[in-house]
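As numbered in numbering that gives the first Met the number 0, the sequence shown has no gaps in its residue numbers, which increase by one up to the final residue, 240.
Heads up, the beta-carbon is just placed ideally off N, CA and C, and yes, glycines get one too.
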Amino acid sequence: MTDNPSTAGSDRRGLLLAVAGCVVAATVLLLASEQEWLRLSLPAQPPLPGESQKLTGREVVDSLVPVGIVVGAAGLALIAARRIGRLVVAVVLVVAGLLLMALIGFFLYDDGSSVAYSWAQAYAEVGESAFPAREVSVMPAVVALLAGGIPVAVGCFTLARGRWWPVMGVRFERRTPLDASGKAAGPSRSGTAEQSDPHPAASEAAMWAALERGEDPTISPAQAGTTAAPAATRDQPGPRP
């Protein structure tokens, strides 16, 4: 992801737009699943009474609720997923949206005939020649059809732009400096040694020898020279008046 502030802001807006699209689509699909899509009725044939029933969206299209849940979860996954994960989520959104649009489109094209025939099989005692009268509620089905197109659009948008979107927790990762070849440059061996042991000792014998001379073995010779000079200056007698 680029460090340009304008581009970074555009990437964040793109991610928020994709997540909002998934949430809106999932909400519309779940609400549409509770609406009446089809009303069926069988005429009365003595001695059997007539039958009528209202079918909701989840009863007409079985995958309406599962797809709505998947789309909502995919929207949240876009926030936490990284590059490869977002590609997988994008493919899932496209496939789920196309599948749902195909099922709803077939229902509208068929005018509910297949669903009506399946429902009539439960009342076979009325007579095989009886076919229920049906009344399709077009508005909820069309709204769900349009909502099914949102995950398709979000999935395609994610495939095109998702690689540049920000990832959760990136700002808290340590940035490693790059060397001349563009690869991550780790700390040098000398730098590591200096950080782990800022005052290296020559040997155990040298430490004991320094103690016998009354010197501090933890101080390097360079530091000993700098500290000894002021001490020698203080020990020198000043000029006589």
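Check: Straight-line CA distance for A95 to V141?; Outcome: 17 Å
Check: In chain order, what are the residue ranges of uninterrupted beta strand (DSSP E) at least 3 long that sit wholly in the stretch 10–51?; Outcome: 35–41
Check: Distance check for G67 and S32, CA to CA, integer angstroms please.; Outcome: 9 Å
Check: Let me check one thing: in DSSP terms, what residues is E134 bridge-paired to?; Outcome: R38
Check: Opposite T157 in the DSSP bridges: which residues?; Outcome: According to DSSP, T157 bridges with nothing at all.
Check: According to DSSP, is E193 part of a helix, a strand, or is it coil?; Outcome: A caution first: E193 carries a pLDDT of 47, below 50, which makes its placement in the model too unreliable to give a value.
Check: For a quick check, are the C-beta atoms of V91 and A80 less than 8 Å apart?; Outcome: no
Check: Would you kindly work out how many angstroms separate the C-alpha atoms of A132 and Y108, rounded to a whole number?; Outcome: 17 Å
Check: In the DSSP output, what is L54 paired with across the bridge?; Outcome: L37
Check: Could you please give the first and the last residue of the uninterrupted alpha helix (DSSP H) stretch that includes A80?; Outcome: Neither: A80 is in no alpha helix (DSSP H) and is coded neither H nor E.
Check: Taking Cβ to Cβ, would you say L37 is nearer than 8 Å to V137?; Outcome: no
Check: CA-CA distance, R160 and E50?; Outcome: 53 Å
Check: At the level of alpha carbons, what is the spacing between R57 and R12?; Outcome: 33 Å
Check: Where does R174 fall in DSSP's three states?; Outcome: Summary for R174: the model assigns pLDDT 46, below 50, so the residue's position carries little reliability; its value from the coordinates is reported in the next sentence. Of the three classes helix, strand and coil, the one that applies to R174 here is coil, per DSSP.
Check: Does the beta-carbon of T157 have 16 or more other beta-carbons within 10 angstroms, so that it is buried, or is it exposed?; Outcome: buried
Check: For E60 versus F106, is the C-beta distance shorter than 8 Å?; Outcome: Inspection of the sequence shows that residue 60 is occupied by Val rather than by Glu. Going by C-beta atoms, V60 is nearer than 8 Å to F106.
Check: With distances taken between CB atoms, is the gap from L77 to V18 smaller than 8 Å?; Outcome: yes
Check: I believe V70 touches A101 by the beta-carbon criterion, under 8 Å. Please report the beta-carbon distance rounded to the nearest angstrom.; Outcome: Not a contact, Cβ separation roughly 15 Å.
Check: Quick check on I83: buried or exposed, where buried means 16 or more other Cβ atoms within 10 Å of its Cβ?; Outcome: exposed
Check: At what residues does the alpha helix (DSSP H) containing S241 begin and finish?; Outcome: Since the displayed the chain opens at 0 and closes at 240, residue 241 lies outside it and no answer follows.
Check: The alpha helix (DSSP H) with E214 in it runs from where to where?; Outcome: From DSSP, E214 is part of no alpha helix (DSSP H); its letter is neither H nor E.
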